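Structure first, commentary second.
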Amino acid sequence: MDKYKISGGRRLEGCVRIQTAKNSVLPILAAAVLTDGAVTVLNVPDITDVRNMVKILCRLGCRAAYRGDDIVIDSSCADNCEIPRALAHELRSSVFLLGSVISRFHRARIAYPGGCDIGLRPVDLHLTGLKRLGVEITESNGYITCSCKKLVGNEIMLDCPSVGATENLMLAAVRAEGETVIKNAAREPEIEDLQNFLNSMGAKVCGAGSGTVRIEGVSRLGGSVYQPIADRIEAGTFLIAAAMCGGNIELEGINAENLSSLLHKLRENGCKLRIKNDKIYFRSDKRPVSVKSIETQPYPGFPTDLQAQMTALCCVSSGNSIVTENLFETRFKYVPELRRMGADITVVDRCAFVRGVEKLRGAVTVANDLRGGAALVIAALAAEGESEVLGISHIDRGYSRFEYKLASLGAAIERAGT
Ligand code: EPZ
Numbered sequence: 000m001d002k003y004k005i006s007g008g009r010r011l012e013g014c015v016r017i018q019t020a021k022n023s024v025l026p027i028l029a030a031a032v033l034t035d036g037a038v039t040v041l042n043v044p045d046i047t048d049v050r051n052m053v054k055i056l057c058r059l060g061c062r063a064a065y066r067g068d069d070i071v072i073d074s075s076c077a078d079n080c081e082i083p084r085a086l087a088h089e090l091r092s093s094v095f096l097l098g099s100v101i102s103r104f105h106r107a108r109i110a111y112p113g114g115c116d117i118g119l120r121p122v123d124l125h126l127t128g129l130k131r132l133g134v135e136i137t138e139s140n141g142y143i144t145c146s147c148k149k150l151v152g153n154e155i156m157l158d159c160p161s162v163g164a165t166e167n168l169m170l171a172a173v174r175a176e177g178e179t180v181i182k183n184a185a186r187e188p189e190i191e192d193l194q195n196f197l198n199s200m201g202a203k204v205c206g207a208g209s210g211t212v213r214i215e216g217v218s219r220l221g222g223s224v225y226q227p228i229a230d231r232i233e234a235g236t237f238l239i240a241a242a243m244c245g246g247n248i249e250l251e252g253i254n255a256e257n258l259s260s261l262l263h264k265l266r267e268n269g270c271k272l273r274i275k276n277d278k279i280y281f282r283s284d285k286r287p288v289s290v291k292s293i294e295t296q297p298y299p300g301f302p303t304d305l306q307a308q309m310t311a312l313c314c315v316s317s318g319n320s321i322v323t324e325n326l327f328e329t330r331f332k333y334v335p336e337l338r339r340m341g342a343d344i345t346v347v348d349r350c351a352f353v354r355g356v357e358k359l360r361g362a363v364t365v366a367n368d369l370r371g372g373a374a375l376v377i378a379a380l381a382a383e384g385e386s387e388v389l390g391i392s393h394i395d396r397g398y399s400r401f402e403y404k405l406a407s408l409g410a411a412i413e414r415a416g417t
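This is the structure we're talking about:
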């Protein structure tokens, strides 16, 4: 069990290149099962979730090879349509494979991915949509078993704009017979990225990002060499860290459009931001001014994946804030850990009521999910004194070289064994 040892109170200065987006790479790797052609995904982040997805692809009979930071997937030998419990539980995003495995084999069996530390994480919208495409589904002793004679395009209306359900149904529909229309689809940038990747393989997908995705089924797909977009959540995490510590940082390789709801809030905090091409220049020289309210919403609203980090910023801002988590049931599990650092936060149902304090104090805290863990790290960077953050395997799921990047900005952080 690794941990971070952190000495807080330093300003952050310097430049960081943003990693390729975890939440683009995962569905794109799942999409590689749809074709016999070679798929190369460029500059893939070295994170646990990606390594686990590659493990699952190999379990399906695909061949996968790392070439430097790129991954080459050859699914021509894929011959297994079952994802066992151990792997499905290790990686919730394995559920994305349902769509591509059914599309390829016309059957699939996957252990129910189950919940995690941020909520129940149901998959009912995925399954209802697949049934609309002609898939027969049974659920028994923790497994979802799917089969179909063929996939037939249809109109699907999602009850809520689920990212995973939108992506899964796109994967199931690209080789279906006829047209599929997904209404009330998620609008996240990663959905458009998946559309662009599928089209680079010869699919016919349009409308991603608009709320209605149209897929014209094609009989076969080719290979592709593809660079997914940059990780807007990693970028947002670094910006919030600099807002908490004070500093002057530059982020490279990020499309600021994909972060506009956060940039709007940081300007409300009194931070200075300038955008130039694929760079974001950030400066903050004084204590942030409290943002009165933050409500997480589906894109383009404020991202739930930056909720914990933003709450940490509210803890050291001047004034009071209310943070409302509208997407997941239990995404405040990091709050007791922040209270250990002197934060003044009260959680009632889906709301965190925060009274800003001048300074947090160093403490030993424990991460219990990916983004909550990142919030504990940036809080420790801003706190006075020494901190340790345990359970950083959660953080390794989604941030590659996190401590190196923060240290390159002047943070005093190192990884140690416990
Ligand atoms: C994706 O998860 C992301 N993961 C999450 O990022 C992100 O928090 C989430 O989208 C929301 O933006 C990946 O892309 C790998 P959803 P996903 O389906 O697809 C409900 C991170 O930190 N819902 O959009 O699982 C669900 O309960 C991770 O990088 C159903 O009710 O999220 C939730 O309330 C965490 N039934 C809401 O929709 C379903 O069948 C949004 O979930 C599916 C979802």
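In numbering that gives the first Met the number 0, the protein residues as written are 0 to 417.
The C-beta atom is built at its ideal place from N, Cα and C for all residues, glycine as well.
Please read these numbers as outputs of a predicted model, since none were measured by experiment.
*How many angstroms separate the CA atom of Pro26 from the CA atom of Glu357?*
Along the sequence shown, one-based indexing puts residue 26 at 27. Along the sequence shown, one-based indexing puts residue 357 at 358. Cα to Cα, the separation comes out at about 42 Å.
_Three-state secondary structure (DSSP) of Leu375_ = On the sequence shown, position 376 is the one that residue 375 refers to. If DSSP states are grouped into helix, strand and coil, Leu375 belongs with the helices.
*asked:* For Cys76, tell me which candidate among Arg400, Asp343, Gly390 and Thr34 has the shortest Cα-Cα distance.
replied: Position 77 of the sequence shown, counting from 1, holds the residue named residue 76. The shortest C-alpha separation from Cys76 is found at Thr34.
*Put Asn325 into one of helix, strand or coil per three-state DSSP.*
Numbered from 1 along the sequence shown, position 326 holds the residue referred to as residue 325. Reduced to three states, the DSSP call for Asn325 is coil.
*Going by other Cβ atoms of all chains shown within 10 Å of its Cβ, with 16 needed for buried, is Cys80 buried or exposed?*
In the sequence shown, counting from the first residue as 1, residue 80 sits at position 81. It is buried - the Cβ of Cys80 has at least 16 other Cβ atoms within 10 Å.
*Measure the CB-CB distance between Met243 and Ala171 and report whether it falls below 8 Å.*
For the purposes of this step, residue 243 is taken as residue 244 along the sequence shown, with counting starting at 1. For the purposes of this step, residue 171 is taken as residue 172 along the sequence shown, with counting starting at 1. Against a cut-off of 8 Å, the Cβ pair of Ala171 and Met243 comes out as no contact.
*Which same chain residues, not among the five before or five after Glu251, have their C-beta less than 8 Å away from its C-beta?*
Taking the first residue of the sequence shown as 1, we reach residue 251 at position 252. So the list reads Cys14, Val15, Arg16, Ile17, Asp277 and Lys278, once near-sequence residues are dropped.
_Ignoring anything shorter than 3 residues, give me the beta strand (DSSP E) runs that lie fully in the segment 185-252, in order along the chain._
203-205, 211-215, 223-225 and 246-251
_Residues near Pro299 by beta carbon distance below 8 Å, same chain, minus five either side_ = Start at 1 with the first residue of the sequence shown, and residue 299 comes out as number 300. If we look at Pro299 and ignore the five residues flanking it on each side, its Cβ neighbours are Arg186, Ser259 and Ser260.
*Answer yes or no: do Ile190 and Lys203 have a C-beta to C-beta separation smaller than 8 Å?*
If you number the sequence shown from 1, residue 190 lands on position 191. If you number the sequence shown from 1, residue 203 lands on position 204. No. Outside cutoff.
*Going by Cα to Cα distance, which pick from Ile412, Val346 and Leu126 is closest to Ala382?*
The residue labelled residue 382 in the question sits at position 383 within the sequence shown. Per the Cα distances, Ile412.
*Three or more C-beta pairs below 8 Å linking the segment 316-328 and the segment 278-297*: yes
*Measure the beta-carbon distance from Ile117 to Asp395 and round it to whole angstroms, keeping in mind my assumption that it falls under 8 Å.*
As a first step, residue 117 is located in the sequence shown; it is residue number 118 there, counting from the start. As a first step, residue 395 is located in the sequence shown; it is residue number 396 there, counting from the start. Contact doesn't hold; Cβ gap of about 17 Å is too wide.
*For Asp123, is the beta carbon positioned less than 7 Å from some heavy atom of the ligand EPZ?*
Translated into positions along the sequence shown, residue 123 becomes position 124. Yes; taking the cut-off as 7 Å, the Cβ of Asp123 has a heavy atom of the ligand EPZ nearer than that.
*Three-state class that DSSP yields for Ile27 in the structure shown*: Looking up residue 27 in the sequence shown gives position 28. DSSP places Ile27 in helix when its eight states are reduced to three.
_CB contact flag (Glu385, Ser6, <8 Å)_ = As a working note, residue 385 is residue 386 in the sequence shown. As a working note, residue 6 is residue 7 in the sequence shown. Result yes, Cβ atoms of Glu385 and Ser6 sit closer than 8 Å.
*Excluding five sequence neighbours on each side, which residues of the same chain lie with their C-beta closer than 6 Å to the C-beta of Ala87?*
Here residue 87 is taken as the residue at index 88 of the sequence shown, counted from 1. Cβ neighbours of Ala87 beyond the five flanking positions: Ser93, Ile109, Ala110 and Pro112.
*Going by the C-beta, is Ile377 closer than 7 Å to any heavy atom of the ligand EPZ?*
As a working mapping, residue 377 is identified with position 378 in the sequence shown. Because no heavy atom of the ligand EPZ lies under 7 Å away, the Cβ of Ile377 does not count as near it: no.
*Of the residues Glu89, Arg84, Asp78 and His125, which one's Cα is nearest the Cα of His105?*
Reading the sequence shown from its first residue, position 106 is the one you call residue 105. Checked all of Glu89, Arg84, Asp78 and His125; the closest Cα to His105 is Asp78.
*Can you name, in chain order, every residue of its own chain whose Cβ lies under 8 Å from the Cβ of Phe301, other than the five neighbours on each side?*
What you label residue 301 is simply residue 302 of the sequence shown in a count that begins at 1. Hits under 8 Å: Ser260, Leu261, Lys264, Ile293, Glu294, Thr295 and Met309.
*Beta carbon of Val151, beta carbon of Gly128: below 8 Å?*
Working through the sequence shown from its first residue, we reach residue 151 at position 152. Working through the sequence shown from its first residue, we reach residue 128 at position 129. Cβ atoms of Val151 and Gly128: not closer than 8 Å.
*asked:* Tell me the residue span of the beta strand (DSSP E) that contains Arg91.
replied: Here residue 91 refers to the residue found at position 92 of the sequence shown. Looking at the DSSP string, Arg91 is not in any beta strand (DSSP E), and its letter there is neither H nor E.
*Secondary structure at Ser6, three-state DSSP: helix, strand or coil?*
Your numbering for residue 6 matches position 7 in the sequence shown. Correct three-state label for Ser6: strand.
*asked:* If contact is defined by three or more beta carbon pairs under 8 Å, each pair taking one atom from either stretch, is the segment 61-75 in contact with the segment 38-46?
replied: yes
*Does the beta carbon of Ser74 fall short of 7 Å from some heavy atom of the ligand EPZ?*
The count along the sequence shown starts at 1 and reaches residue 74 at position 75. Flag unset: Cβ of Ser74 not near the ligand EPZ.
*So does Asp45 have its beta carbon nearer than 7 Å to some heavy atom of the ligand EPZ?*
As a working note, residue 45 is residue 46 in the sequence shown. Asp45 Cβ: outside cutoff for every heavy atom of the ligand EPZ.
_Residue range of the beta strand (DSSP E) that includes Ile109_ = Locating residue 109 in the sequence shown gives position 110, counting from the first residue. Start and end: Arg106 to Ala110.
*Hey, is Gly371 close to the ligand MG, as in C-beta under 7 Å from one of its heavy atoms?*
By its list of ligands, the structure shown excludes the ligand MG, since it contains just the ligand EPZ.
*Check whether the Cβ atoms of Ala31 and Val24 lie closer than 8 Å to each other.*
For the purposes of this step, residue 31 is taken as residue 32 along the sequence shown, with counting starting at 1. For the purposes of this step, residue 24 is taken as residue 25 along the sequence shown, with counting starting at 1. Contact: no.
*Where does the unbroken beta strand (DSSP E) through Gly416 begin, and where does it stop?*
Position 417 of the sequence shown, counting from 1, holds the residue named residue 416. That run of the beta strand (DSSP E) goes Ala411 to Gly416.
*Going by C-alpha distance, which of Thr417, His125, Pro335 and Val346 is nearest Glu328?*
Counted from its first residue, the sequence shown places residue 328 at position 329. Minimum Cα distance to Glu328 is reached at Val346.
*asked:* If contacts are defined as beta-carbon pairs under 8 Å, then Thr165 and Ile181 qualify, I think. What distance do you get, rounded to the angstrom?
replied: If you number the sequence shown from 1, residue 165 lands on position 166. If you number the sequence shown from 1, residue 181 lands on position 182. That belief holds up - the Cβ atoms of Thr165 and Ile181 are roughly 6 Å apart, short of 8 Å.
_Exposed unless 16 or more other CB atoms sit within 10 angstroms - verdict on Arg266_ = Here residue 266 is taken as the residue at index 267 of the sequence shown, counted from 1. Arg266 comes out exposed.
*Between Ser283 and chain C, is there a C-beta pair that is closer than 8 Å?*
In the structure shown, chain C cannot be found, because there is only a single protein chain.
*asked:* I'd like to know whether the C-beta atoms of Ile391 and Lys21 end up nearer to each other than 8 Å.
replied: As a position in the sequence shown, residue 391 is number 392, starting the count at 1. As a position in the sequence shown, residue 21 is number 22, starting the count at 1. No, the pair does not count as a contact, with Cβ atoms beyond the cut-off.
_Any heavy atom of the ligand EPZ closer than 7 Å to the beta-carbon of Ser283?_
Start at 1 with the first residue of the sequence shown, and residue 283 comes out as number 284. No, Cβ of Ser283 sits at least 7 Å from all heavy atoms of the ligand EPZ.
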